[in-house]
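Number 100 in numbering that gives the first Met the number 0 belongs to position 101 of the sequence shown; there are no gaps in the numbering.
Heads up, the beta-carbon is just placed ideally off N, CA and C, and yes, glycines get one too.
Remember, it's a predicted structure, so these values are computed and weren't measured experimentally.
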Amino acid sequence: MADTAAPAKSPVKKKAAKPKVPAAHPKYIDMISAAVASLKERGGSSRQAILKYIMANYKVGNDVNSINAHLKMALKNGVKKGALKQAKGTGASGSFKLGDKPKTEKKPKAKKVAKPKAAKPTKTR
C-alpha cells in the first residue's frame with residue numbers, strides 16, 4: 000500500500016497592509032448635494048441625473064457599477080439623516096431634493112458635582 004499522506008502545507012504569507020490613501024473626490028453626500036443644487040430641477044433630481052453630474056465633475060473613476068452602488072447607499076443614508084428629501088419614489092429611485100441641514104446632536108455638558116469637603120480633625124488634649 001502506498002502512503003496517502005497529504006504533503007506539508009507551506010505557511011501562508013500575508014501581504015503587508017497598504018496605508019489608506021484619501022480619495023481624490025469629496026464624500027458622496029457632498030457630491031450629491033452639489034449636484035442637486037446645481038441641477039436646480041423643480042421636482043427634484045433623479046439618481047441618473049446625479050450620477051451623470053458626478054461622473055462629469057469629479058474624479059471617481061470609470062466603473063459606473065461601483066459608482067452607482069456607492070451613490071445608492073449615499074442617497075439612502077442622506078434621506079435617513081435628513082440631508083436629502085425624497086420628492087418621488089422609494090429607496091434610491093425617484094427624485095431627490097436638498098433637505099434641511101442635518102441636525103448634529105449636541106452633547107449636554109456634564110455638570111460638575113461639588114465634592115463635600117472633609118471636616119478637618121480638631122485636636123483634643
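Whole angstroms is fine: what's the gap from D62's alpha carbon to N56's? Stepping through the sequence shown from its first residue, residue 62 is reached at position 63. Stepping through the sequence shown from its first residue, residue 56 is reached at position 57. For D62 and N56, the distance between alpha carbons rounds to 15 Å.
Under the three-state DSSP convention, the category S32 falls into: Locating residue 32 in the sequence shown gives position 33, counting from the first residue. Helix, per DSSP.
When you compare only the Cα positions, how much space is there between A33 and A23? As a position in the sequence shown, residue 33 is number 34, starting the count at 1. As a position in the sequence shown, residue 23 is number 24, starting the count at 1. Distance between the alpha carbons of A33 and A23 is about 16 Å.
Are the beta-carbon atoms belonging to K75 and K84 less than 8 Å from one another? As a first step, residue 75 is located in the sequence shown; it is residue number 76 there, counting from the start. As a first step, residue 84 is located in the sequence shown; it is residue number 85 there, counting from the start. Using a Cβ distance threshold of 8 Å, K75 and K84 do not count as a contacting pair.
Relative to the alpha-carbon of P25, which residue among S44, R46, I53 has its alpha-carbon at the smallest distance? What you label residue 25 is simply residue 26 of the sequence shown in a count that begins at 1. When each option's Cα is compared against that of P25, the closest is I53.
N41, buried or exposed, once every other Cβ within 10 Å from all chains shown has been counted against 16: The sequence position of residue 41 within the sequence shown is 42, counting from 1. Contrary to the premise, residue 41 reads as Arg rather than Asn in this sequence. The residue in question, R41, is exposed, as its Cβ has fewer than 16 Cβ neighbours within 10 Å.
Figure out for me which residue from G77, R46, G81 has the closest Cα to the Cα of I126. Here the chain has residues from 0 to 124 only, and residue 126 is not among them.
Would you mind giving the Cβ-Cβ distance between K94 and G60, rounded to the nearest angstrom? I have them listed as a contact below 8 Å. As a first step, residue 94 is located in the sequence shown; it is residue number 95 there, counting from the start. As a first step, residue 60 is located in the sequence shown; it is residue number 61 there, counting from the start. Per the sequence shown, the amino acid found at residue 94 is Ser instead of Lys. S94 to G60, Cβ: 26 Å. No contact.
For S44, write down the residues that DSSP places opposite it in a beta bridge. On the sequence shown, position 45 is the one that residue 44 refers to. Note: S44 sits in a beta bridge opposite F95.
Neighbour-count burial assignment, G77, 16 or more Cβ in a 10 Å radius: Taking the first residue of the sequence shown as 1, we reach residue 77 at position 78. The residue is buried, with at least 16 neighbouring Cβ atoms inside 10 Å.
Where does A73 fall in DSSP's three states? Locating residue 73 in the sequence shown gives position 74, where the first residue counts as 1. Looking at A73 - three-state DSSP - the assignment turns out to be helix.
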